[in-house]
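>
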DNA sequence: AGAGGTACCTGGCAGC
DNA sequence: TGCTGCCAGGTACCTC
């Protein structure tokens, strides 16, 4: 479910309900996420006022005076803001109750997500410290992309999935951006020409912008903080469309296995 | 240093 | 209807 646009959508959805609110209590029903939810979060967060809700890559940062909660939705996580007395399902692992009577509810069936706490600058946290530039930052430029891709044999799709190169691009949008840039997902990153980089940076930004505007992609069950689905799936060009005609030229879309994960491309439009 | 594989979990779905 | 096998949007960590 959650790639950068979904996380950004979630962030925007919860922000107005959280910022300025005092945390009343933290209820953990299942602490076994990717890493156990630390006791320090449960003991420190109550009483704190949420000062800001930020995103870095696919991490959501709930900033308070004593520290920052670092939240990751993994593959199946979602956030809702609901009245505290709403009965939880078996996947609603955490509630962060607010003075408003609402609570931020984390649901994560696969438990690949994470909820951590740091009393320090979260940018220095082990999980965030090695992240590459955000796709919308000036630092993510064609010059940058050209430089860091030199001599890399890794497939372009996998190069884009690596958060050290660019933060927050997952499998769906990597494939979609490569289609838009006219580049095959299996091509070696080191073979990018200068103008390929220009088109790719542009394509990544365009793809992500459109997806954010549509409220994310709904595959299976993604919902935003208000429980509404995303609509970007309706505009997917290649992802999950193996065998179906390319929207641009009609050639059947091909699926490719790169590592353990599928990639999709149009053999006519992408080179 | 870089490339490739493994592991963490569970739900949904296609096929029989 | 029920079983089996496969697939999944992420990413840290291990080995070669």
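Numbering (the numbering used here), first residue to last: 183 to 453.
Even glycine gets a Cβ: it sits at the ideal position worked out from N, Cα and C.
#1: Pairing CB atoms from the stretch 417-437 with CB atoms from the stretch 220-228, are three or more of them under 8 Å?
#2: How long is the line joining the alpha carbons of residue 251 and residue 453, rounded to whole angstroms?
#3: Decide yes or no for the touch test of the stretch 373-381 against the stretch 322-329: beta carbon pairs closer than 8 Å, at least 3 of them.
#4: Return the chain-ordered ranges of every beta strand (DSSP E) run that is complete within the stretch 277-330 and spans a minimum of 3 residues.
#5: Please report the distance separating the alpha-carbon of residue 247 from that of residue 335.
#6: Using 8 Å as the cut-off, can you tell me whether the stretch 309-319 makes contact with the stretch 271-282, which would need three or more C-beta pairs spanning the two stretches below that distance?
#7: My output table needs one value for residue 187: the three-state DSSP class, helix, strand or coil.
#8: How would you label residue 431, buried or exposed, when you count the other beta carbons within 10 angstroms and need 16 or more for buried?
#9: Return helix, strand or coil for residue 354, following the three-state DSSP convention.
#10: So residue 258 packs on residue 292, CB below 8 Å; how close in whole Å?
#11: Check for me: the alpha helix (DSSP H) holding residue 383 runs from which residue to which?
#12: Quick check on residue 250: does DSSP put it in helix, strand or coil?
#13: From what residue to what residue does the alpha helix (DSSP H) around residue 225 run?
#14: Among 434, 294, 342 and 254, which has the Cα closest to the Cα of residue 368?
#15: With distances taken Cα to Cα, identify the nearest neighbour of residue 433 among 420, 440, 448 and 422.
So, from the data block:
#1: Below 8 Å, too few C-beta pairs join the stretch 417-437 and the stretch 220-228 to call them touching: fewer than three.
#2: Computed Cα separation, rounded: 43 Å.
#3: Yes, they touch.
#4: Considered as a whole, the stretch 277-330 harbours 284-289 and 296-300 as its complete beta strand (DSSP E) runs of no fewer than 3 residues, in chain order.
#5: Cα to Cα, residue 247 sits roughly 44 Å from residue 335.
#6: No, the stretch 309-319 is not in contact with the stretch 271-282.
#7: Reduced to three states, the DSSP call for residue 187 is helix.
#8: Residue 431 sits exposed, since fewer than 16 C-beta atoms from the chains shown fall within 10 Å of its C-beta.
#9: Helix at residue 354.
#10: Rounded to the nearest angstrom, the Cβ distance from residue 258 to residue 292 is 4 Å, consistent with a contact under 8 Å.
#11: If you look at residue 383, you'll find it in the alpha helix (DSSP H) that goes 376-395.
#12: Strand.
#13: Looking at the DSSP string, the run of the alpha helix (DSSP H) that includes residue 225 is 221-226.
#14: Nearest option by C-alpha distance: 342.
#15: If we check each option's Cα against that of residue 433, 448 comes out closest.
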